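**Student:**
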Amino acid sequence: MARLELRGVSKHYGAILAVEGIDLTVQDNEFFCIFGPPACGKSTLLRLLLGLETPDAGSILIDGREVTKSTPAERNLSMVFQNLALFPHLSAGDNLRFPLVERKLSAAEIERRVAAVAEKLHITPLLSKLPAHLSGGERQRVAIGRSLVRDPAAYLMDEPISALDARLREEMRVELNRLQRELKHTLVYVTHDQEEAMSVADRMCIMDHGRIAQVGPPHEIYNAPQSRYVAEFVGSPPINLIEGRCEAGRFAAGNPDFAVRIEGGAGASAAVLGVRPEDVAVARAPQPGAIAARVYEVEPLGAFTVVALKAGERVLRAQLPGQPQFALNEPTFVNFNLERCHFFDGATGRRFATGARPA
Ligand SMILES: Nc1ncnc2c1ncn2[C@@H]1O[C@H](COP(=O)(O)OP(=O)(O)O)[C@@H](O)[C@H]1O
Ligand SMILES: [Mg+2]
Numbered sequence: 004m005a006r007l008e009l010r011g012v013s014k015h016y017g018a019i020l021a022v023e024g025i026d027l028t029v030q031d032n033e034f035f036c037i038f039g040p041p042a043c044g045k046s047t048l049l050r051l052l053l054g055l056e057t058p059d060a061g062s063i064l065i066d067g068r069e070v071t072k073s074t075p076a077e078r079n080l081s082m083v084f085q086n087l088a089l090f091p092h093l094s095a096g097d098n099l100r101f102p103l104v105e106r107k108l109s110a111a112e113i114e115r116r117v118a119a120v121a122e123k124l125h126i127t128p129l130l131s132k133l134p135a136h137l138s139g140g141e142r143q144r145v146a147i148g149r150s151l152v153r154d155p156a157a158y159l160m161d162e163p164i165s166a167l168d169a170r171l172r173e174e175m176r177v178e179l180n181r182l183q184r185e186l187k188h189t190l191v192y193v194t195h196d197q198e199e200a201m202s203v204a205d206r207m208c209i210m211d212h213g214r215i216a217q218v219g220p221p222h223e224i225y226n227a228p229q230s231r232y233v234a235e236f237v238g239s240p241p242i243n244l245i246e247g248r249c250e251a252g253r254f255a256a257g258n259p260d261f262a263v264r265i266e267g268g269a270g271a272s273a274a275v276l277g278v279r280p281e282d283v284a285v286a287r288a289p290q291p292g293a294i295a296a297r298v299y300e301v302e303p304l305g306a307f308t309v310v311a312l313k314a315g316e317r318v319l320r321a322q323l324p325g326q327p328q329f330a331l332n333e334p335t336f337v338n339f340n341l342e343r344c345h346f347f348d349g350a351t352g353r354r355f356a357t358g359a360r361p362a
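Using my numbering, the first residue of the sequence shown is number 4, and each one after it goes up by one.
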């Protein structure tokens with residue numbers, strides 16, 4: 004169990020900035036996700052925590068104790084790497100025993116820990132098998148198990164399930180959640196998959212080119228993104244964005260023609276309205292304040308339907324419950340749930356207001 008802190012941490016590789024000015028505290032027992040696109044510095048953060056890299060600036064603390072210059076062994080954190088490698092010539096059980104044998108634990112203690120972890124991961128019947136005789140998902144469990152047997156201060160996982168197929172990933176997500184609750188351990192988990200991050204994290208941090216864009220619980224990040232970057236990066240189908248201008252408490256866009264009143268925003272300036280697809284309503288009859296649009300594409304996904312609508316030159320997406328029927332090119336009228344419209348500064352991308360009223 005451990006609280007992990009990064010204070011003003013930066014790391015460059017030659018001229019390449021990997022991470023910069025990172026201030027982050029992962030609480031004891033927290034399931035914390037680091038989320039962002041490739042090359043934004045996620046793995047670097049884990050390697051810095053683990054002690055495989057030293058920062059150029061800043062400090063790292065575990066439970067308030069400075070470890071910036073400590074070796075990985077002194078930090079006692081356990082890592083599951085992106086490209087997990089099991090020893091192919093060792094059975095699943097021996098792969099689990101390996102880190103414990105290395106640490107010269109007694110045979111009885113080793114068997115106790117291996118049995119306990121195998122049971123948690125539902126791999127007890129697999130222990131005698133060689134990795135080549137296990138499925139991808141089973142191998143993944145063994146690899147995760149190998150990091151769990153050590154009883155470290157915290158677990159670090161670098162995209163541990165990204166190589167699995169979609170169905171297995173979903174299964175492993177549930178398992179990881181359950182496991183983390185049972186283990187009651189700090190878990191820092193890196194992923195580039197937003198659904199994965201949203202579904203497992205107590206809190207998450209979104210990275211943007213080596214810097215932190217936002218930290219918070221998933222629902223907060225989804226409902227109150229601090230910037231256009233975060234709004235666009237979290238949510239699928241992605242948030243709709245409409246560029247316009249903000250003047251005297253009024254946001255107006257020209258393509259499509261659309262205006263609403265908002266609180267906040269100073270002077271006349273470029274602004275961007277963001278509205279999530281589930282906050283877009285589609286009607287067949289004209290509505291006050293609605294945008295005229297034509298049905299461009301329909302994706303029936305079972306529980307809901309994503310309708311793409313062409314409004315002027317722009318395509319807006321609506322996510323509608325159930326299986327509504329639309330014909331291609333059908334004329335429609337689009338309204339937004341104004342309470343849930345976000346407004347971003349056109350220059351900086353910062354959110355300056357949420358919620359609007361009819362113009
Ligand atoms: N050992 C290294 N040498 C040089 N550049 C590196 C090294 N490790 C990472 N980088 C660079 O640092 C940036 C962040 O990398 P990384 O932390 O691996 O990103 P992520 O895990 O988010 O994909 C990238 O531009 C990457 O190319
Ligand atoms: Mg990485």
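Glycine included, each C-beta is placed from N, C-alpha and C at the ideal position. No experiment lies behind these values; they were computed from the predicted model shown.
1. Closest by CA to Q328, which one among R360, V309, S131, A135?
2. Would you kindly check if the distance between the Cβ of V285 and the Cβ of V337 is under 7 Å?
3. State the Cα-Cα distance for the pair I126 and A204, rounded to the nearest angstrom.
4. Starting from P221 and walking both ways along the alpha helix (DSSP H), at which residues does that stretch end?
5. Please report the straight-line C-alpha distance between L244 and G277, rounded to a whole angstrom.
6. Comparing the CB of T57 with every heavy atom of ligand 1, is any distance shorter than 6 Å?
7. Between the alpha carbons of L103 and R184, how many angstroms are there, rounded?
8. Quick one: measure Cβ to Cβ for F254 and F355, integer angstroms, because I've assumed they're closer than 8 Å.
9. So, does the stretch 53-63 touch the stretch 9-18, judging by three or more C-beta pairs under 8 Å?
10. In three-state DSSP terms, what is M82?
11. Pull up the distance between the alpha-carbon of V120 and that of L151, whole angstroms please.
12. Anyone know if the C-beta pair for D161 and L49 falls short of 7 Å?
13. Can you give the beta carbon distance from V22 to G54, rounded, assuming they're within the 8 Å contact cut?
14. Use the C-beta contact count for L52: other C-beta atoms within 10 angstroms, 16 or more gives buried, fewer gives exposed.
15. Beta-carbon within less than 7 Å of Q326's beta-carbon, same chain only, minus the 5 sequence neighbours each way: which residues are those?
16. Indicate the three-state DSSP secondary structure (helix, strand or coil) for S94 in the structure shown.
17. Please tell me whether, using a cut-off of 6 Å, the distance from the CB of S165 to the nearest non-hydrogen atom of ligand 2 is below it.
18. Whole-angstrom Cβ separation of G292 and A362, contact assumed at under 8 Å?
19. Quick check: is any heavy atom of ligand 2 less than 6 Å from the C-beta of K45?
20. What separation, rounded to the nearest whole angstrom, lies between the Cα atoms of C208 and I37?
21. Assuming the contact rule is C-beta atoms closer than 8 Å, P134 and L89 should be a hit. Round their C-beta distance to whole Å, please.
22. CB P280 to CB R320, shorter than 7 Å?
23. May I have the straight-line CA-CA distance separating V263 from P240, to the nearest angstrom?
24. So D261 is in the alpha helix (DSSP H); what residue range does that whole segment cover?
25. Which full runs of the alpha helix (DSSP H) of 4+ residues lie inside the stretch 164-200, going along the chain?
26. What three-state label does DSSP hand H15 in the structure shown?
27. Could you give the DSSP three-state label for F329: helix, strand or coil?
28. For L341, which residues of its own chain have a beta-carbon under 8 Å away from its beta-carbon, when the five flanking residues on both sides are left out?
29. When DSSP labels each residue in this structure, what does D26 get in the three-state scheme?
30. Could you tell me which residues DSSP puts in a beta bridge with C249?
31. May I ask whether a heavy atom of ligand 1 can be found less than 6 Å away from the beta carbon of P41?
32. Just to confirm before moving on: does the CB-CB distance between E141 and L129 stay below 7 Å?
33. Could you check whether L99 and V117 sit closer than 7 Å to each other, using their CB atoms as the reference points?
34. Locate the alpha helix (DSSP H) running through Q143, then write down its first and last residues.
35. Once you ignore the five residues that flank M82 on each side, which residues in its own chain have a CB closer than 6 Å to its CB?
**Tutor:** Taking the structure as given:
1. V309
2. yes
3. 24 Å
4. According to the DSSP assignment, P221 belongs to the alpha helix (DSSP H) that extends over 221-226.
5. 5 Å
6. no
7. 23 Å
8. So it is not a contact: roughly 11 Å between Cβ atoms.
9. yes
10. strand
11. 7 Å
12. yes
13. Their Cβ separation, rounded to whole angstroms, is 15 Å, which puts V22 and G54 out of contact at 8 Å.
14. The C-beta of L52 has 16 or more other C-beta atoms within 10 Å across all chains shown, which makes the residue buried.
15. Closer than 7 Å at Cβ, skipping near neighbours: P303, T308.
16. Note: S94 maps to coil in three-state DSSP.
17. no
18. 7 Å
19. yes
20. 5 Å
21. About 4 Å separates the two Cβ atoms, so the contact holds.
22. yes
23. 24 Å
24. What sits at residue 261 in the sequence shown is Phe, not Asp. Segment 260-265 is the beta strand (DSSP E) holding F261; no alpha helix (DSSP H) there.
25. If we require 4 residues or more, the alpha helix (DSSP H) runs fully inside the stretch 164-200 come out as 169-186.
26. strand
27. coil
28. V263, G358, A359, R360, P361
29. In the structure shown, D26 sits in a strand (DSSP, three-state: E or B).
30. F254, S272
31. yes
32. yes
33. yes
34. 139-151
35. Within the same chain, M82 has close Cβ partners L53, L159.
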